[in-house]
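Visitor:
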Amino acid sequence: MNSASIVITVCLGFVSPVISAQTANVLTPAERKAGWELLFDGKTTTGWRGAYADQFPAKGWVVKNGELRGELREGAESGDAGDIVTLKKYRNFEFAFDWKLGKGGNSGVKYFIEERQPKPAKGSQAGYEYQLIDDADYIYNDKHLPADLKTASIYDVVAANKPDVTLGQWHQSRIVVNHNRIEHWLDGVKVLAVDRTSAAFRQGVMDSKFKDYPGFAQIPEGHILLQDHGHSVSFRNLKIKPIP
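In mature numbering (1 follows the signal peptide of the UniProt record, and there is no 0), the protein residues as written are -21 to -1, 1 to 223.
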């Protein structure tokens, strides 16, 4: 945990976290005009592949009922099907997604994934992670989670300022990267805002597990990754708007 700047505001115009299945995985005319791109059509895995792979995983990640599901049970990072990443890389963007996680669950959405070589022998590729987890009941190192390991935090670097999330229902999240400015949103509320050039952010990196990862504080661009952490997770309404 660290003292990086956190800002909370309510966005009255942001969409409710509960979205009907009939409207999922489509762009409105206004979104198309604004430059949004759909990253999941609700039917196929087009636009995604396995991390460090040319193809989409043959098992573990499936499309069901308009959801991109990780049917994962091994309990470890990349222990089942492995992570999946977007075909494209992104630098400045606004990324929106709906997600649902069960009790005791753990997953995440990472960005700035470079797929550096060599491939990690164990676990997941390092990147900035929008944490998704059972805030209240997940036990890590025999303890309940500190704030910077809870949902919507930049995992292990900057804590989100929010109450514990309720599991078993859909939530809506948003990641905004505009040059060095990063925002994390959860269910229409901005729960984290930080500048990557700030002393607080750099100190957060130095206090984290990423302190020995060269250039972690200023990775310029990368893929977006959906994490296999060995717990079942569902995603829908994955959409992105590049920012000039």
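Glycine included, every Cβ here is placed at the ideal spot set by N, Cα and C. Keep in mind the model is a prediction, meaning the values are calculated, not measured.
Please classify A100 as buried or exposed, where buried requires at least 16 neighbouring CB atoms within 10 angstroms.
Guide: The residue you call residue 100 lines up with position 121 of the sequence shown. It counts as exposed.
Visitor: What does G209 pair with, by DSSP beta-bridge criteria?
Guide: Residue mapping note: residue 209 aligns to position 230 of the sequence shown, counting from 1. Answer by DSSP bridge pairing: none, since G209 is not bridged.
Visitor: Helix or strand or just coil, what does DSSP make of N216?
Guide: The sequence position of residue 216 within the sequence shown is 237, counting from 1. Strand.
Visitor: Helix, strand or coil for Q110? Go by DSSP, reduced to three states.
Guide: Here the question's residue 110 lines up with position 131 in the sequence shown. Q110 falls in the strand class under three-state DSSP.
Visitor: Unbroken beta strand (DSSP E) runs of length 3 or more, entirely within the stretch 83 to 171: which are they?
Guide: Runs of the beta strand (DSSP E) inside the stretch 83 to 171: 85 to 92, 107 to 112, 150 to 157 and 160 to 165.
Visitor: Put F189 into one of helix, strand or coil per three-state DSSP.
Guide: For the purposes of this step, residue 189 is taken as residue 210 along the sequence shown, with counting starting at 1. Of the three classes helix, strand and coil, the one that applies to F189 here is coil, per DSSP.
Visitor: Mapping DSSP to helix, strand and coil, what is F19?
Guide: Looking up residue 19 in the sequence shown gives position 40. DSSP places F19 in coil when its eight states are reduced to three.
Visitor: Would you mind giving the Cβ-Cβ distance between K89 and Q197, rounded to the nearest angstrom? I have them listed as a contact below 8 Å.
Guide: Indexing the sequence shown from 1 puts residue 89 at position 110. Indexing the sequence shown from 1 puts residue 197 at position 218. With a Cβ gap of about 16 Å, K89 and Q197 do not count as contacting.
Visitor: Between the alpha carbons of Q182 and A172, how many angstroms are there, rounded?
Guide: Here the question's residue 182 lines up with position 203 in the sequence shown. Here the question's residue 172 lines up with position 193 in the sequence shown. Each residue's Cα considered, the two are about 15 Å apart.
Visitor: Taking S213 and K79 to be in contact with their CB atoms under 8 Å, please state how far apart those CB atoms are, rounded to whole angstroms.
Guide: Within the sequence shown, the letter at position 234 stands for residue 213. Within the sequence shown, the letter at position 100 stands for residue 79. So it is a contact: roughly 5 Å between Cβ atoms.
Visitor: Are there 16 or more other CB atoms within 10 angstroms of the CB of N120, so buried, or fewer, so exposed?
Guide: Working through the sequence shown from its first residue, we reach residue 120 at position 141. Its Cβ having fewer than 16 others within 10 Å, N120 is exposed.
Visitor: Between the beta-carbon of G102 and the beta-carbon of T65, is there less than 8 Å?
Guide: Translated into the one-based positions of the sequence shown, residue 102 becomes position 123. Translated into the one-based positions of the sequence shown, residue 65 becomes position 86. Going by C-beta atoms, G102 is not nearer than 8 Å to T65.
Visitor: Pick out whichever of D113, K38 and A32 has its Cα sitting closest to the Cα of K82.
Guide: The sequence position of residue 82 within the sequence shown is 103, counting from 1. For the residues D113, K38 and A32, the minimum Cα distance to K82 belongs to D113.
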